[in-house]
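All remarks here apply to the structure that follows.
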Amino acid sequence: MSSGPTAFHFNSAIVRKPARSVVNGLRADDRGSPTHDGVQAEHDAYVAALRAAGVDVTVLPALETFPDSIFVEDPAFVLPEGAILLRPGAPSRAGETPEIAPTLRAMFETVLDLPQPGFADGGDVLVTPKAIKIGLSARTDRQGAEALASCLARFGRRSEIVKTPEGVLHFKTDCSLLDEETVLATERLARSGVFEGFRQIVVPEGEESAANALRVNDVVMVGAQFPKTIAILDKLGYQVVSLGTAEIGKIDAGLSCMSLRWWAPR
Ligand code: CIR
Numbered sequence: 006m007s008s009g010p011t012a013f014h015f016n017s018a019i020v021r022k023p024a025r026s027v028v029n030g031l032r033a034d035d036r037g038s039p040t041h042d043g044v045q046a047e048h049d050a051y052v053a054a055l056r057a058a059g060v061d062v063t064v065l066p067a068l069e070t071f072p073d074s075i076f077v078e079d080p081a082f083v084l085p086e087g088a089i090l091l092r093p094g095a096p097s098r099a100g101e102t103p104e105i106a107p108t109l110r111a112m113f114e115t116v117l118d119l120p121q122p123g124f125a126d127g128g129d130v131l132v133t134p135k136a137i138k139i140g141l142s143a144r145t146d147r148q149g150a151e152a153l154a155s156c157l158a159r160f161g162r163r164s165e166i167v168k169t170p171e172g173v174l175h176f177k178t179d180c181s182l183l184d185e186e187t188v189l190a191t192e193r194l195a196r197s198g199v200f201e202g203f204r205q206i207v208v209p210e211g212e213e214s215a216a217n218a219l220r221v222n223d224v225v226m227v228g229a230q231f232p233k234t235i236a237i238l239d240k241l242g243y244q245v246v247s248l249g250t251a252e253i254g255k256i257d258a259g260l261s262c263m264s265l266r267w268w269a270p271r
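According to the numbering used here, the sequence shown holds residues 6 to 271 in order.
Structural data, given as structure tokens:
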């Protein structure tokens with residue numbers, strides 16, 4: 006089945022409440038720690054925005070042992086056809102996969118395990134109507150990407166292994182799908198040529214983190230601290246919902262990472 010419009014049409018999502026330990030989440034540069042209350046407030050608004058966009062949201066309990074476990078996008082990947090249990094590239098996040106597995110087994114008929122060897126994070130996977138792009142990064146290696154591509158092929162999905170710009174956490178840190186033919190991307194990723202054939206909207210200099218936006222049904226969720234990007238998308242006719250991401254931004258996160266989203270046939 007081609008992903009077609011379902012590349013951004015979702016009626017189901019899983020999120021996980023932030024643990025108190027979220028203040029110790031992984032980060033590349035120290036820009037100060039987020040507060041638990043601040044992250045909780047951003048998470049609450051995010052869940053409300055998903056629900057307002059027509060998504061049925063399952064909220065999993067916090068996991069104190071895993072500071073980054075609020076970012077459920079990374080230990081698994083989901084499609085209407087089924088789920089794939091991934092192997093996150095950060096050793097401190099490896100245990101998040103067995104934690105989310107029972108929920109996925111209860112919600113999906115088919116749940117695949119990423120074949121050995123290699124590592125792959127969901128943050129490196131972008132669904133587009135033509136192909137699913139898997140970005141190689143410090144978290145997703147070639148073997149993990151190929152293992153994931155083999156799982157996607159079992160679901161009848163075409164994938165393409167691409168490069169994440171040097172020093173960027175995840176492929177989707179630098180891009181998001183805005184509609185069937187349009188992506189929002191940073192200048193460095195747009196320049197790399199991975200989005201040939203797409204209309205590309207480049208985020209303004211200084212607003213690179215805005216590239217991790219999230220299209221859900223009729224709306225595009227964008228970080229509230231990126232007014233120039235919001236103005237551009239607004240002018241282009243997108244229905245923008247701005248959401249606070251300043252706290253999760255301190256631990257290198259944006260809007261896609263806080264949920265697993267899919268269209269569940271009902
Ligand atoms: C990490 O470094 O793993 C977390 N602090 C941030 C994960 C963000 N996930 C994502 O963009 N998919």
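Virtual Cβ for every residue (Gly too), placed ideally from N, Cα, C.
Worksheet item: What three-state label does DSSP hand Thr11 in the structure shown?
Response: helix
When the Cα of Asp118 is compared with those of Lys135, Thr133, Ser142, Arg92, which residue comes out closest? Arg92
Cβ atoms of Ser164 and Leu157: under 9 Å apart, would you say? yes
Exercise. For Cys262, which beta-bridge partners are listed by DSSP?
Worked result: Partner(s): none; Cys262 has no beta bridge.
Those residues, in chain order, that have a beta-carbon closer than 7 Å to some heavy atom of ligand 1 | Gly30, Leu31, Arg32, Asp73, Phe76, Glu78, Asp79, Ala95, Arg98, Asp126, Gly127, Gly128, Leu174, His175, Lys177, Thr178, Asn217, Ile256, Asp257, Ala258, Gly259, Ser261, Cys262
**OP:** Give the DSSP bridge partners of Ile256, in chain order.
**Re:** Ile256 pairs with nothing; no bridge assigned.
Taking DSSP as the reference, what is the three-state secondary structure of Phe176? helix
Residue(s) in a DSSP beta bridge with Lys138: Leu131, Glu165
Does DSSP put Gln205 in a helix, in a strand, or in coil?
strand
### Task
Pull up the distance between the alpha-carbon of Arg21 and that of Ala67, whole angstroms please.
6 Å
(message) For Arg266, count the other beta carbons within 10 Å of its own beta carbon; 16 or more makes it buried, fewer makes it exposed. Which is it?
(response) buried
**Message:** According to DSSP, is Met6 part of a helix, a strand, or is it coil?
**Reply:** With a pLDDT of 35 at Met6, under the threshold of 50, the modelled position of that residue is not reliable, and the figure given next carries that caveat. Of the three classes helix, strand and coil, the one that applies to Met6 here is coil, per DSSP.
- Could you tell me the boundaries of the alpha helix (DSSP H) in which Val44 lies? 41-57
* **Residue ranges of each beta strand (DSSP E) within the region 224-258, 3 or longer** => 224-228, 244-248
Have a look at Val245 and Glu201 and give me their C-alpha separation to the nearest angstrom.
-> 25 Å
Review point. So, helix, strand or coil for Pro120, using DSSP?
Key: coil
Exercise for review: Can you have a look at Ser8 and say buried or exposed, based on whether 16 or more other CB atoms are within 10 angstroms of its CB?
Suggested key: The pLDDT assigned to Ser8 is 39, lower than 50, so where the model puts this residue is not dependable; a value taken from the coordinates is nonetheless given after this. So Ser8 counts as buried.
Check your understanding: Smallest Cα separation from Ala24: which of Ser17, Thr40, Phe15?
Key -> Thr40
| request: For Pro10, collect the residues of the same chain with a Cβ closer than 8 Å to its Cβ; drop the 5 residues on either side in sequence, then sort them by chain order. | output: Residue placement at Pro10 is flagged as unreliable, the pLDDT there being 46, under the threshold of 50; a coordinate-derived value is accordingly withheld.
Counterpart residues of Arg220 in DSSP-defined beta bridges
Val225
- [ ] Output the distance between the C-alpha atoms of Val224 and Ala215, rounded to the nearest integer angstrom.
- [x] 15 Å
- Beta carbon of Val132 nearer than 9 Å to that of Leu182: yes
**Request:** To the nearest angstrom, report how far apart Met6 and Ile19 are at their CA atoms.
**Result:** Its pLDDT being 35, under 50, Met6 is placed unreliably by the model, and nothing is read from it.
Note to self: Checking the sheet assignment: what are the DSSP bridge partners for Asp184?
What the structure shows: Thr187
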